Each structure stands twice: as structure tokens, then as C-alpha cells.
Amino acid sequence: MRIKGFSTGMYGWHESYRLDQREDSLGDIFRECAEAGMNAVEIEPTPELMLLAKRYGLAVSGGYIGLNLHEETIPFEESVLPLINGLAEAGASDLIVNADPKGGWGVSLPKTEDEFKRQGEHLTRIAAAARERGLKVSMHNHADEKHNAEGDLRSVIEYASSDVGLCVDTGWAHVAGYDPIEWIRTYPERIYAFHLRNQAGRIPTEDLLEGEIDMPKLVQALKDIGYNGWLAFELLHSEENRPVRTMVEDVRRSVDYLKSLLNIERSL
Numbered sequence: 001m002r003i004k005g006f007s008t009g010m011y012g013w014h015e016s017y018r019l020d021q022r023e024d025s026l027g028d029i030f031r032e033c034a035e036a037g038m039n040a041v042e043i044e045p046t047p048e049l050m051l052l053a054k055r056y057g058l059a060v061s062g063g064y065i066g067l068n069l070h071e072e073t074i075p076f077e078e079s080v081l082p083l084i085n086g087l088a089e090a091g092a093s094d095l096i097v098n099a100d101p102k103g104g105w106g107v108s109l110p111k112t113e114d115e116f117k118r119q120g121e122h123l124t125r126i127a128a129a130a131r132e133r134g135l136k137v138s139m140h141n142h143a144d145e146k147h148n149a150e151g152d153l154r155s156v157i158e159y160a161s162s163d164v165g166l167c168v169d170t171g172w173a174h175v176a177g178y179d180p181i182e183w184i185r186t187y188p189e190r191i192y193a194f195h196l197r198n199q200a201g202r203i204p205t206e207d208l209l210e211g212e213i214d215m216p217k218l219v220q221a222l223k224d225i226g227y228n229g230w231l232a233f234e235l236l237h238s239e240e241n242r243p244v245r246t247m248v249e250d251v252r253r254s255v256d257y258l259k260s261l262l263n264i265e266r267s268l
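Going by UniProt numbering, the first residue of the sequence shown is number 1, and it counts up by one from there.
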């Protein structure tokens, strides 16, 4: 097993700055990502952001887009294709697609089986376009209860083409009542990406070392399936978990912890 490196989404960093009442600056965030041991970032690959990331020695691992995949149409030409092209030009490898909730955030109505099938059809179309530019497409699980989490999983496993993968968000899987390790072992050929977070029930822990998800077992599962993609973090500082360390400290602790589990030299 040889991973591409460590990456991070931006949401947790933005929330950390908000919690600390600091002015939100991507330049400062990228600098802190590099200080914390990140090799790459998940961003919208605009020329300005790519140059900014490069200034701090950060690659672009991929990009994230949320779509109402359950609806009849998605903004394919307007949003999806430009993102695919931008990521390809940035040298990224992954397009992460979130299956947004029916009814909007904070509502999350139950989706029908036809809507889950439609999600798979949209993902298949996106993956075909991304494959032409050398990108892998994976669906990011975000549902916080079993009906939609299970249906979103079926969108990939049963209703999408075989080149659509899973971006396993460990935190949201746990919140929905699933063991992310079981997903890894059950669908090894579909595991393309990760958003890593640990949990205490529904509340995120501030780093990967503490929480109810067994990270040593998760890393062993990655070794067993020969995972070779990015390991992307989605750590979250919030009023709920009342962090005692800075985001830089928690990310660095988590990186060093994963390196020890993976038997990777700390210089990576």
C-alpha cells in the first residue's frame, strides 16, 4: 500500500476560523495546511487558488461539488464540466460528488428508489466525462440516517457504472449508523477517496486519535485492500466539541498518528 499523500477539504478550516473569530483568508489557511503536514488541498481549481496553493507547496488532490443528484436534471454543462476541466488542468486525480439532501440542508426528506436510481445515472454520466480527462469520480456520503445513507450507497453499487467509486466520509457514515470499515472491506474495488473524521456519537472529535471509530482497524483495512489514493481530512472544530487545540495542532497530530499506523516516515 502506498498512498498519494495527505489532503484536506476546506470546510473544517473555514469553520475553525469562524469559531476562533479570525478573518477567513485562504492564504492563511493554505499556509496553516502546509504547516500541519498537508501535501494537497481539495479546492475549486481557479487559476488564482492554484497559484496560491503552489506558493505553499500544496498540490490539488481533487475538488468537491454538491449536486441534487436525485432530481431530473443537474447543472452538467454549467458546473460539472468546468470543474472537471479545471481539475484536469490542475493535475488533480479526484472529483468528489456529494448527493445533496432532498428538501435542502436541515430537512433531508427520504428519497425514493427511483431517485436513488437517478442518482446513479447522473454519476455514470459524470464519471464518463471525467474519465476522458483522467479523473476518478466518487460519491461522498453525507446522509445522517440509515434510509438515505443506504440508498445513496445503492446509487453507486447497484445503479451506477463500475467506474463510479465511493468517497468514504468516516464521520457521516458513523453518524448514519454504519461502520466505515465494513464499507471498505465490502466494496474494496469501489473505494476511491476518503474524508477522515472521528466521532463521539453525532459529535465530531477534534482529531483522529480520539473517538468511536477504530482508526487502527480502518488503516489495516486500507492496507488489506491496497488503497493507493489520497487520505483527505475533514476535521471539524465547532461549539459542540469545544476544541482545546488549534486546527494546525489537531491536523498535525492526526497526520503523525496515521503515519505511525501506516509505517510512513514522518518526512512525507
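Backbone N, C-alpha and C fix where the C-beta goes; we use that ideal spot for every residue, glycine too. The structure displayed is predicted, hence computed values, not measured ones.
Cβ-Cβ distance between residue i and residue j below 7 Å
i      : j      : result
Lys83  : Gly63  : What sits at residue 83 in the sequence shown is Leu, not Lys. Yes, the pair counts as a contact, with Cβ atoms nearer than the cut-off.
Gly165 : Tyr192 : yes
Ala232 : Glu42  : yes
Ile184 : Ala221 : yes
Leu26  : Leu87  : no
Tyr257 : Leu208 : yes
Pro101 : Ser93  : no
Leu153 : Val219 : no
His122 : Ile157 : no
Cβ-Cβ separation, residue j to residue i (assumed contact under 8 Å), whole Å
i      : j      : result
His147 : Asn98  : So it is not a contact: roughly 17 Å between Cβ atoms.
Asn39  : Ser16  : 19 Å between Cβ atoms; not a contact.
Ile181 : Lys217 : 6 Å
Glu210 : His237 : Actually they are not in contact, since the Cβ atoms of Glu210 and His237 sit about 14 Å apart, beyond 8 Å.
Gly9   : Glu234 : 5 Å
Tyr187 : Ile3   : About 18 Å; that fails the 8 Å criterion.
Cys167 : Ile65  : Not really, about 12 Å apart at Cβ, beyond 8 Å.
Arg133 : Asn85  : 7 Å
Leu81  : Ala129 : 6 Å
Beta-carbon proximity list for residue i, same chain, < 7 Å, skipping 5 on both sides
i      : result
Val248 : Glu32, Glu35, Ala36
Ala90  : Pro45, Met50, Val60
Asp176 : First, the amino acid is wrong: residue 176 is Ala here, not Asp. Here the set comprises Ala143, Asp144, Glu145, Lys146, Ala149.
Ile225 : Ile184, Pro188, Ile191
Met1   : Leu222, Lys223, Gly226, Tyr227, Asn228
Ser79  : Ile65
Gly103 : Leu109
Exposed unless 16 or more other CB atoms sit within 10 angstroms - verdict on residue i
i      : result
Leu196 : buried
Arg18  : exposed
Asn263 : exposed
His70  : buried
Ser162 : exposed
Lys54  : exposed
Pro243 : buried
His140 : buried
Gln21  : exposed
Arg266 : Residue confidence for Arg266 is low, a pLDDT of 47 falling below 50, so the modelled location carries little weight; the figure read from the coordinates is stated next. Under this definition Arg266 is an exposed residue.
Trp105 : exposed
Arg253 : buried
Asp169 : buried
Ser138 : buried
Ala127 : buried
Asp250 : buried
Neighbourhood of residue i by C-beta distance below 6 Å, restricted to the same chain and skipping five residues each side
i      : result
Ser155 : Phe116, Gln119, Gly120
Gly57  : Ala34
Asn68  : Asp100
Ile151 : For clarity, residue 151 is Gly in the given sequence; the question names Ile instead. Counting only Cβ-Cβ distances below 6 Å, and skipping sequence neighbours, we find Lys111, Phe116.
Trp47  : The identity of residue 47 in the sequence shown is Pro, whereas the question assumes Trp. So no residue of the chain qualifies.
Met215 : Leu208
Asn198 : Thr205, Leu208, Gly211, Ile213
Residue(s) in a DSSP beta bridge with residue i
i      : result
Phe233 : Thr8, Leu196
Cys167 : His140, Ala193
Leu95  : Gly63, Val137
Glu42  : Gly62
Ile203 : Ala200
Lys102 : Leu109
Heavy atom of the ligand SAH within 6 Å of residue i beta-carbon
i      : result
Gly226 : For the ligand SAH, the structure offers nothing, since it holds no ligand at all.
Proximal residues to residue i (C-beta, below 8 Å), its chain only, five neighbours per side dropped
i      : result
Arg125 : Phe76
Ile29  : Met10, Trp13, His14, Tyr17
Below-7 Å beta-carbon distance, residue i vs any chain D residue
i     : result
Ala53 : The question asks about chain D, but that chain is absent: this structure has only one protein chain.
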